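These notes are about the structure you will find just below.
Numbering (our numbering), first residue to last: 2 to 156.
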């Protein structure tokens, strides 16, 4: 786990960035412009946290700007769990004592609807495969002396 000894600030410092952060704060009850590492970790699903921390530690070990791309689950302040696709960078500053973590920047897109659709399709596929297997067994019962391949065509 990456330890944060000081309150790190992330996010743009431009007027446009402040406006976006303000919109996020009104719409979602939070913005990404003023969180410590511990606070961000509190928003993440526990099953995703270990992989994210390992990825961050690996970037810190290299001391080089690192691209981060992942799908993760985020808990919103109202308790809802949402899927997000995150793409960003972990950036470092060159200092006399070596590279130091500077900031994490990126974008996050809510992909909850896509994930729910993928899950529904997976469940439907499993149901259909089970039904096809059952029909195949039924076909074998009717053809006790011969095993025939059953071909189902859906239109």
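Each residue gets a CB set at the ideal place from its N, CA and C atoms; glycine is no exception. No experiment lies behind these values; they were computed from the predicted model shown.
Please state if the CB of residue j and the CB of residue i are separated by a distance shorter than 8 Å.
{"i": "residue 93", "j": "residue 73", "result": "no"}
{"i": "residue 106", "j": "residue 89", "result": "yes"}
{"i": "residue 75", "j": "residue 85", "result": "yes"}
{"i": "residue 100", "j": "residue 64", "result": "yes"}
{"i": "residue 53", "j": "residue 71", "result": "yes"}
Mapping DSSP to helix, strand and coil, what is residue i?
{"i": "residue 78", "result": "coil"}
{"i": "residue 107", "result": "strand"}
{"i": "residue 128", "result": "helix"}
{"i": "residue 89", "result": "strand"}
{"i": "residue 67", "result": "strand"}
{"i": "residue 24", "result": "Low confidence applies here, because residue 24 scores a pLDDT of 47, under 50, leaving its location unreliable; read the following figure in that light. Looking at residue 24 - three-state DSSP - the assignment turns out to be helix."}
{"i": "residue 112", "result": "coil"}
{"i": "residue 37", "result": "coil"}
In terms of DSSP beta bridges, what is residue i paired with?
{"i": "residue 101", "result": "94"}
{"i": "residue 72", "result": "86"}
{"i": "residue 45", "result": "75"}
Hey, residue i and residue j are a contact pair by Cβ (cut 8 Å); roughly how many whole angstroms apart?
{"i": "residue 102", "j": "residue 44", "result": "So it is not a contact: roughly 19 Å between Cβ atoms."}
Could you check whether the Cβ of residue i sits closer than 7 Å to any heavy atom belonging to the ligand PLP?
{"i": "residue 94", "result": "You won't find the ligand PLP in this model; it holds no ligand whatsoever."}
Answer yes or no: does any C-beta atom of chain B fall closer than 8 Å to that of residue i?
{"i": "residue 109", "result": "Of the chains in the structure shown, none is chain B; there is only one protein chain."}
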